[in-house]
Amino acid sequence: MSTKEVKVYSTPGCPWCRRAKRFLEDNGITYQDFNVAEDSAAREEMINKCYQLAVPTICIDGEVIVGFNEAVLKEKLGL
Amino acid sequence: MIIIGAGPAGMTAAVYAARKRIDTLLLSKELGGQPLTTTGIENYMGYQYIEGPELMQKFEEQVAQFPLEQRMGQGVVALSRLDAGFEVRADQGESYQGKAVIIATGKRPRPLNVPGEEGLRGRGVTYCAICDGPLFASMKVAVIGGGNSALEAADDMVKIAEHVYLVSLTPLTGDQILTDRVRDASNLSLFLEHEVVEIDGSSRVEAIKIRDLKTGEVKRLEVGGIFVEIGLIPNSELVNGLAHLNSIGEIEVNCANETNIPGLFAAGDVTNVPEKQIVVAAGEGAKAALRAHRYLQRL
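So the sequence lines, in the order shown, correspond to chains A and B. Position in the first sequence (from 1) plus 86 gives the number in my numbering. Position in the second sequence (from 1) plus 1 gives the number in my numbering.
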């Protein structure tokens with residue numbers, strides 16, 4: 087079981103966000119989901135800490151991954 | 002057999018191949034393809050209305066009913082001919098061999114190819130308005146393009162952005178209803194017959210420079226986001242130098258989905274088939290798999 091802190095910044099209309107979240111769920115990974123379309127504090131955090139203006143932005147223990155890339159997620163999560 | 006790409010064409014080909022009991026590998030960077038970024042679909046028969054991602058979920062479930070091997074998350078970087086068949090190399094180093102190959106790699110958004118674009122991708126430059134649009138709430142943004150995708154992006158953005166600049170090389174070419182709606186928006190400025198020359202910004206987009214094609218005058222517009230909606234290009238690099246491509250880079254196939262290379266088939270938006278539609282791509286995938294089956298039987 088992964089004990090890493092996983093944050094997903096997403097928007098409701100974004101298909102890759104849905105895929106990314108489904109991938110995490112299928113692999114039993116607990117994550118915090120921030121809807122940056124509505125949550126402006128999370129949006130600021132994404133922009134200022136991760137320097138990203140794209141979703142999904144996924145932070146794993148502070149490391150930033152942009153977009154849904156299954157291979158990279160597997161590697162970072164040790165799956 | 003190897004099917005490269007898992008959009009409507011690739012997934013349909015996979016179902017037909019599996020039902021013909023062809024030993025099949027479905028290889029793709031992602032499942033779903035372009036319909037993932039389509040909202041409402043009202044012209045895929047059997048569904049009066051369905052969202053793109055939901056339709057692709059159904060395709061995916063249907064593929065999963067059949068015993069065939071799937072490798073997702075793998076982009077294909079090279080395709081070469083062997084004495085008997087083909088070798089496919091994926092971006093993580095794996096290689097696979099097949100007696101026949103179906104290319105169903107679709108299309109991707111066309112980039113502007115201007116200075117600043119590549120470095121600011123994901124930092125204000127976006128190709129997915131439906132995904133990233135909400136991030137630009139209360140900012141000034143530019144939408145580039147004059148067709149339906151650009152007009153839809155502009156129509157969405159006038160509701161959330163402070164101001165929208167719509168920049169098009171040509172007069173607007175999209176549907177009249179969308180054109181009217183965009184022209185009526187109070188927070189939108191139109192720059193027709195203007196080209197993008199540069200995108201400015203250090204860690205994120207700060208401005209865009211555009212040139213008036215008639216006068217040559219260059220303007221600098223301060224924006225936080227740039228939505229690039231200038232059409233699509235085929236993902237056909239894989240067969241460049243192997244199969245014939247047409248002048249816009251689409252793989253040339255005959256009406257049976259055969260390329261000029263025996264055993265190499267192609268289907269869907271990556272090909273020269275007229276009309277890029279989900280229902281067309283699915284049908285083309287079926288045709289390609291059936292013809293590939295016949296080809297394999299004759300070997």
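Cβ atoms here follow ideal geometry from the backbone N, Cα and C, with glycine treated the same way.
Whole-angstrom C-beta distance between residue j and residue i, which should lie under 8 Å
i         : j         : result
LYS100(B) : GLY264(B) : 6 Å
GLU196(B) : ILE209(B) : The Cβ separation is near 11 Å, so there is no contact.
ASP92(B)  : VAL78(B)  : 5 Å
VAL126(B) : VAL219(B) : No, VAL126(B) and VAL219(B) are not in contact; Cβ-Cβ is about 19 Å, not under 8 Å.
ARG26(B)  : LEU243(B) : Checking the sequence shown, residue 26(B) turns out to be Leu, not Arg. Rounded, the Cβ-Cβ distance is 19 Å, inconsistent with contact.
ILE3(B)   : VAL89(B)  : 5 Å
GLU207(B) : VAL115(B) : With a Cβ gap of about 15 Å, GLU207(B) and VAL115(B) do not count as contacting.
VAL224(B) : ALA143(B) : 5 Å
ARG312(B) : PHE266(B) : Nothing can be reported for residue 312(B), as the shown portion of chain B is limited to 2 through 300.
ILE145(B) : ILE227(B) : 7 Å
LYS30(B)  : GLY74(B)  : 7 Å
ILE231(B) : ARG111(B) : 5 Å
ARG205(B) : LEU139(A) : 6 Å
ASP270(B) : GLN35(B)  : 7 Å
Assigned secondary structure, residue i (DSSP; H/G/I helix, E/B strand, else coil)
i         : result
PRO98(A)  : coil
VAL266(B) : Before going on, a small fix: residue 266(B) reads as Phe here, not Val. PHE266(B): strand per DSSP, three-state reduction.
GLU223(B) : strand
ALA208(B) : strand
VAL102(B) : strand
ASN155(A) : coil
ALA85(B)  : coil
ASP119(A) : strand
PHE139(B) : Per the sequence shown, residue 139(B) should be read as Ser rather than Phe. Looking at SER139(B) - three-state DSSP - the assignment turns out to be coil, as it is neither helix nor strand.
ALA65(B)  : helix
GLU52(B)  : strand
VAL274(B) : coil
THR174(B) : coil
VAL1(B)   : No information on residue 1(B) is available, as it lies outside the stretch 2 to 300 that chain B covers here.
LYS93(A)  : strand
GLN298(B) : helix
LYS108(B) : strand
PRO9(B)   : helix
ALA282(B) : helix
ALA140(A) : coil
GLN97(B)  : What sits at residue 97(B) in the sequence shown is Tyr, not Gln. The answer is strand: DSSP assigns TYR97(B) an E or B state.
LEU37(B)  : helix
Chain B within 7 Å of residue i, Cβ atoms only
i         : result
LEU163(A) : no
ALA123(A) : yes
CYS100(A) : yes
ALA128(A) : no
TYR137(A) : yes
THR97(A)  : yes
GLU156(A) : yes
VAL150(A) : no
ALA106(A) : no
VAL92(A)  : no
Neighbour flag for residue i against chain A, beta carbons, 7 Å
i         : result
ILE227(B) : no
PRO235(B) : no
SER203(B) : no
GLY123(B) : yes
ILE131(B) : yes
PRO275(B) : no
GLY74(B)  : yes
LEU37(B)  : yes
PRO110(B) : no
PRO135(B) : yes
PRO54(B)  : yes
Chain-order list of residues whose beta-carbon lies under 8 Å from that of residue i (same chain, five-residue window excluded)
i         : result
ILE131(B) : THR38, THR40, ASP157
THR97(A)  : CYS103, ASN121, VAL122, ALA123, VAL141
Residues near residue i by beta carbon distance below 6 Å, same chain, minus five either side
i         : result
VAL280(B) : TYR45
ALA283(B) : PRO9, THR13
GLY148(B) : THR174, GLY175
HIS164(B) : LYS141, ASN188
GLU130(A) : none
Own chain residues within Cβ distance below 7 Å of residue i, not counting five before or after
i         : result
TYR95(A)  : PHE120, VAL122, ALA128, MET132, VAL141, PRO142, THR143
LEU179(B) : ASN149, LEU152, GLU153, ASP156
VAL159(B) : VAL165, ALA186, ASN188, LEU189
Does the region 239-258 of chain B come into contact with the region 171-186 of chain B, if we say contact requires no fewer than three beta-carbon pairs (one atom in each stretch) closer than 8 Å?
no
State whether the region 182-191 of chain B contacts the region 150-161 of chain B, with contact taken as three or more CB pairs (one from each stretch) at a distance under 8 Å.
yes
For the region 40-53 of chain B against the region 139-148 of chain A, do three or more pairs of beta-carbon atoms, one drawn from each stretch, fall closer than 8 Å, so that the two count as touching?
no
Using 8 Å as the cut-off, can you tell me whether the region 274-290 of chain B makes contact with the region 150-165 of chain A, which would need three or more C-beta pairs spanning the two stretches below that distance?
no
For the region 54-73 of chain B against the region 10-21 of chain B, do three or more pairs of beta-carbon atoms, one drawn from each stretch, fall closer than 8 Å, so that the two count as touching?
yes
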